[in-house]
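Enquirer: In numbering that gives the first Met the number 0, the protein residues as written are 0 to 409. Even glycine gets a Cβ: it sits at the ideal position worked out from N, Cα and C. Pasting a structure below so you can have a look.
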Amino acid sequence: MIGATKGDSFMAKWNDGKYWVSKYNYDEEFTSGLNIAPKVEIHDATLRDGEQTPGVFMSTDQKVEIAAMLDELGVERIEAGMPAVSTADFNAIKQITASGTKAKIYSFARGMHEDIEAAKECGATGVVIEIPTSEVKLKYQFPKWDTDTLIQKSVDSCAYAKKLGLETIYFGFDTCRADMATLDRLYSTLVAEARPDAIGVVDTVGCCLPSAVHMFIRRLKKYGVPLQIHTHNDFGMATASSFAAMEAGANVIHTCMNGLGERTGNAATEQIMMGMKLMYGLDNDYHLEKIQASCERVAEMCKRPLAYNAPFVGANTFARESGIGIDLVKHNPVVMLCIDPTIVGNNSLVVLGKGSGKMSIPTKCEELGIPYTLSDEQAHEVVAKIKALAIEKQSTVTNEEFVKILDEYK
């Protein structure tokens, strides 16, 4: 068996028996160029940015439950909401901060004293202060603002939050479309006069290439303040951009469960967790085996089903129709997949259809707990019937249809 058991000579950082990713992730030629911080944390924003998904509503009880699930997963930081939105949001944050989570709890605020005071009142550890920074935002969404106004409001709000004893994250949104000269003026003044605890780099509309995000983070390291990354998935690169930022030295990655978030969503918490552990070998204390159940529960509460092909948690993610290697999917999954599905609490699945082969039959019987008693000739006949039915239906064969075919051979 190929490197799929503990103690095997193939065992390495990229292969522990439960997963087998590319060894080039750990090649010294690659890793020598990384600038990963000694400790990288996840800042989950499901309860704020996730709820901004059009049509998603979370009750107070649901928010408290999700916060507890995130805490059990091992998420280090939870953005519990924006108290200025409503009394219900304020009360939900207050309940979460009082619930005794191991994770730090953060509140989201505009650059206004009353928003920052609300963060303090609801018991949050820190506050994420949003202020627009890009040319397009300042010109068209905030036309009364100039660069001096931007800097003054940024310094004032961060200084006020620090005065109240809040951990202060400066969240200059749409950072990746901001003018670098403006950012240099802004950050130089902000760090000198208010020194936030962290600066968030925000790809608000998901339009910055991962390699450009990497460059951006490298440039901002000169300010000597911890950096965080917040990405959106408009070009399908939220996860890749988040890891690019981490490789350049970002300390914190913002995420949402199931990739929830405005428009195309944010970097998915479960994907970042898995990547940190398996692709980079980081030793964060995440309970990966809880991922599947947690993602399913969030999907249920938000009434947003998991995509069938969602990484790690989709219904088809570990499914296989082709008969070639089908037995390995069940008995040695890292040969046909990069991970054993049980790592996240998921399972492999045998799908019967036009591509099925002889080995699909006993493997499917094993999956369903049905004794396999067919002769070779009968097995070939069953495969032929499955293929014919799948072609006729232009779909896969259900478990019920499979059992009905088997019943013909009793």
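1. Bridge partners of S106, per DSSP?
2. Run through DSSP, which three-state label would V74 get?
3. Look up Y18 in the DSSP assignment and give the residues it is bridged to.
4. Enumerate in chain order the residues of its own chain whose CB-to-CB distance from L388 is below 6 Å, with the five nearest sequence positions on each side excluded.
5. Start and end of the alpha helix (DSSP H) containing F401?
6. Grouping DSSP H, G and I as helix and E and B as strand, with all else coil, what is D451?
7. Would you kindly report the start and end of the unbroken beta strand (DSSP E) that includes H253?
8. Could you tell me the alpha carbon to alpha carbon distance between C364 and D375, rounded to whole angstroms?
9. With 16 as the cutoff for other CB atoms within 10 Å, does I390 come out buried or exposed?
10. Determine the closest residue to L165 out of D183, C206, V135 and A123, with distance taken between C-alpha atoms.
11. Excluding the 5 residues preceding and the 5 following A314 in the sequence, name in chain order all residues of the same chain whose CB lies nearer than 8 Å to its CB.
12. Check for me: the alpha helix (DSSP H) holding E269 runs from which residue to which?
13. Beta-carbon separation of K386 and T362 under 9 Å?
14. Less than 6 Å between C-beta atoms, sequence neighbours within five positions excluded: which residues of the same chain meet that for Y186?
15. Just to confirm before moving on: does the CB-CB distance between G356 and I323 stay below 9 Å?
16. For Q51, I'd like the list of residues in its chain whose CB is within less than 7 Å of its CB, leaving aside the five on either flank, ordered along the chain.
17. Assign T4 to buried or exposed, taking buried as 16 or more other Cβ atoms, counted over all protein chains shown, within 10 Å of its Cβ.
18. In whole angstroms, what is the alpha-carbon distance linking Q393 and E299?
19. Reducing DSSP to helix, strand and coil, say where K409 ends up.
20. Answer with buried or exposed for N398, where buried requires no fewer than 16 other C-beta atoms within 10 angstroms of its C-beta.
Expert: Reading from the atomic positions:
1. Looking at the DSSP assignment, S106 forms a beta bridge with V126.
2. coil
3. Residue pairing of Y18 in beta bridges, as defined by DSSP: I338.
4. V396
5. Element bounds for F401: N398 to D406.
6. The requested residue 451 does not occur in the structure, where the chain is confined to residues 0 to 409.
7. V251 to T254
8. 15 Å
9. exposed
10. A123
11. L305, Y307 and L348
12. That run of the alpha helix (DSSP H) goes T268 to M273.
13. no
14. Y222
15. yes
16. Excluding positions up to five away in sequence, the list reads G260 and E261.
17. Its pLDDT being 41, under 50, T4 is placed unreliably in this model, and the coordinates cannot settle the point.
18. The alpha-carbon separation between Q393 and E299 amounts to approximately 29 Å.
19. The answer is coil: DSSP assigns K409 none of H, G, I, E or B.
20. exposed
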